[in-house]
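Protein chains: 2
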Amino acid sequence: MDVKSYLSGYADGEGCFCVSFNKSRRHILGWEIRPSFSVSQNRDRAQVLEMFQEHFGCGTIRPDRSDQTLKYEVRSVDDLVERVIPHFEKYPFLSDKEQDFKKFATICRLMCEGRHRTREGFNQIVDLAFAMNPSGARKYAKGEIKL
Amino acid sequence: MDVKSYLSGYADGEGCFCVSFNKSRRHILGWEIRPSFSVSQNRDRAQVLEMFQEHFGCGTIRPDRSDQTLKYEVRSVDDLVERVIPHFEKYPFLSDKEQDFKKFATICRLMCEGRHRTREGFNQIVDLAFAMNPSGARKYAKGEIKL
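Line by line, the protein sequences give chains A and B. Everything in the first sequence is counted per my numbering, starting at 142 for the first residue and increasing by one. Everything in the second sequence is counted per my numbering, starting at 142 for the first residue and increasing by one.
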């Protein structure tokens, strides 16, 4: 039994790579870009979420506002680039989720390099994010965000 | 990367062990017991279901009646006992799903031995099935089934 492969399999079904955009006066281009990796689970069986937290050594577990589940979530771009993304590159998804993951990894690395603070990098990130499988409703349309 | 561990991780989140009971004149005690292992997936990404089918060498993939998903399902008790159960014993669940799985394995093995055709074995199976985490609504209450 290989726990790292198990976690990738679990995340293939239950994990979510998400990049959201929020208007922000604090950010130079007027938008905050927030990438996250999350996994949800019924409250009565949080074991696998704790395994993710222990394995990655980062992220939080908390009740999801929307329903009776717990959610493990990593939002720190540094943690995503240094801990989460290398795991899924070594133990890759065996479904189409791999395509979303690759776009997500590119976005996080562009952000690590500060490219999201340039118009060109920002627009590249928007294009990549909107090419990902949407996980739930988007607050803004692509045309509203691109600069 | 270990695909077998990956499949167990995937099944921890998305798999379902189910034992249903249907009234049947063809069965000696008046009830048909139907155990099944199933995994669902959005129609646009059936890859992991095909991996389950290939790895187990049994089961069917077909559209789920209730929604826009595909479902991989193994219903044959022989296939469950010879192919599915040994996999999950070698690559066990790391969550509480393991408890359900053990009850499911006991039920399938009792059926393989023909014990479901005795009143004692039948009642043992009913008790085990109703101690499992219910996956969806049950058609009959436990008291309606026990002999």
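Note that beta-carbon positions come from the ideal geometry of N, C-alpha and C, so glycine has one too. Quick caveat, the model's predicted, so the values are computed rather than measured.
*Rounded separation between I226/B and R186/A - CA only*: Here residue 226/B is taken as the residue at index 85 of the second sequence, counted from 1. Here residue 186/A is taken as the residue at index 45 of the first sequence, counted from 1. Rounded to whole angstroms, I226/B to R186/A spans 22 Å at the Cα level.
_With 16 other Cβ atoms within 10 Å as the buried cut-off, status of G198/B_ = As a working note, residue 198/B is residue 57 in the second sequence. Exposed is the call here.
_Counting only beta-carbon separations shorter than 8 Å, does R184/B have a partner in chain A?_
Position 43 of the second sequence, counting from 1, holds the residue named residue 184/B. Interface criterion not met: the Cβ of R184/B is under 8 Å from no Cβ in chain A.
*Can you grab the Cα-Cα spacing for the pair N274/B / E285/A, in whole Å?*
Indexing the second sequence from 1 puts residue 274/B at position 133. Indexing the first sequence from 1 puts residue 285/A at position 144. Taking the Cα positions, N274/B is about 46 Å away from E285/A.
*Name the chain B residues that come within less than 9 Å of D205/A, Cβ to Cβ?*
As a first step, residue 205/A must be located in the first sequence, where it is residue number 64. In chain order: nothing, as chain B lies at least about 15 Å away.
*Classify I169/A as buried or exposed, calling it buried when 16 or more other Cβ atoms lie within 10 Å of its own Cβ.*
As a first step, residue 169/A is located in the first sequence; it is residue number 28 there, counting from the start. Burial call: exposed.
*Answer yes or no: does any C-beta atom of chain A fall closer than 8 Å to that of V189/B?*
Counted from its first residue, the second sequence places residue 189/B at position 48. Residue-level contact check: V189/B touches chain A, since one or more beta carbons of chain A fall below 8 Å from its beta carbon.
*Identify whether G200/A lies in helix, strand or coil by the three-state DSSP scheme.*
Taking the first sequence and counting its residues from 1, the one referred to as residue 200/A is at position 59. If DSSP states are grouped into helix, strand and coil, G200/A belongs with coil.
*Between I202/B and R224/A, what straight-line distance do the alpha-carbon atoms span, to the nearest angstrom?*
Locating residue 202/B in the second sequence gives position 61, where the first residue counts as 1. Locating residue 224/A in the first sequence gives position 83, where the first residue counts as 1. Taken atom to atom, the span from the alpha-carbon of I202/B to that of R224/A is near 35 Å.
_Of the listed residues Y213/B, N264/B, C249/B, nearest to Q194/B (C-alpha basis)_ = The residue labelled residue 194/B in the question sits at position 53 within the second sequence. When each option's Cα is compared against that of Q194/B, the closest is Y213/B.
*Would you say D143/B and S161/A are within 8 Å of each other, going by their C-beta atoms?*
Position 2 of the second sequence, counted from the first residue, corresponds to residue 143/B. Position 20 of the first sequence, counted from the first residue, corresponds to residue 161/A. For D143/B and S161/A, no; Cβs fall outside 8 Å.
_Pick from H257/B, Q182/B, S149/B, K287/B that is closest to P176/B, judged by C-alpha positions_ = As a first step, residue 176/B is located in the second sequence; it is residue number 35 there, counting from the start. In terms of CA proximity to P176/B, H257/B leads the group H257/B, Q182/B, S149/B, K287/B.
*In whole angstroms, what separates the C-alpha of G150/B from that of V215/B?*
By 1-based counting over the second sequence, the position of residue 150/B is 9. By 1-based counting over the second sequence, the position of residue 215/B is 74. Rounded to whole angstroms, the separation of the alpha carbons of V215/B and G150/B is 18 Å.
*Compare the C-beta of P233/A with all C-beta atoms of chain B and state if any pair is closer than 8 Å.*
Mapped onto the first sequence, residue 233/A falls at position 92. Interface residue, yes.
*What does a CB cutoff of less than 8 Å around D219/A pick up in its chain, not counting 5 residues either side in sequence?*
Translated into the one-based positions of the first sequence, residue 219/A becomes position 78. Within the same chain, and ignoring the five residues on either side of D219/A in sequence, the residues whose Cβ sits closer than 8 Å to its Cβ are C253.
*At a Cβ cut of 7 Å, what residues of the segment 151–171 of chain A count as close to chain B, listed as they run along the chain?*
For the segment 151–171 of chain A, which is checked against every Cβ of chain B, the residues closer than 7 Å are Y151, D153, G154, E155.
*Give the straight-line distance between the Cα atoms of Y281/A and E155/B, rounded to the nearest whole angstrom.*
As a first step, residue 281/A must be located in the first sequence, where it is residue number 140. As a first step, residue 155/B must be located in the second sequence, where it is residue number 14. Note on geometry: alpha-carbon atoms of Y281/A and E155/B lie some 31 Å from one another.
*For chain A, is any of its Cβ atoms less than 8 Å away from the one on Y213/B?*
Here the question's residue 213/B lines up with position 72 in the second sequence. Between Y213/B and chain A, the shortest Cβ-Cβ separation is not below 8 Å.
*At what residues does the alpha helix (DSSP H) containing R250/A begin and finish?*
In the first sequence, residue 250/A corresponds to position 109, counting from 1. It spans 238–253 - the alpha helix (DSSP H) in which R250/A sits, taken as one unbroken run.
_I'd like to know if D241/B contacts chain A, where contact means its C-beta is closer than 8 Å to some C-beta of that chain._
Translated into positions along the second sequence, residue 241/B becomes position 100. So, not an interface residue.
_I need the straight-line Cα distance from N163/B to R279/B, nearest angstrom please._
Counting from one through the second sequence, the residue named residue 163/B turns up at place 22. Counting from one through the second sequence, the residue named residue 279/B turns up at place 138. The alpha-carbon atoms of N163/B and R279/B are separated by roughly 10 Å.
*Just mark Q209/A as buried or exposed, buried being the case when its beta carbon has 16 or more other beta carbons within 10 Å.*
On the first sequence, position 68 is the one that residue 209/A refers to. Exposed, by the Cβ-count rule.
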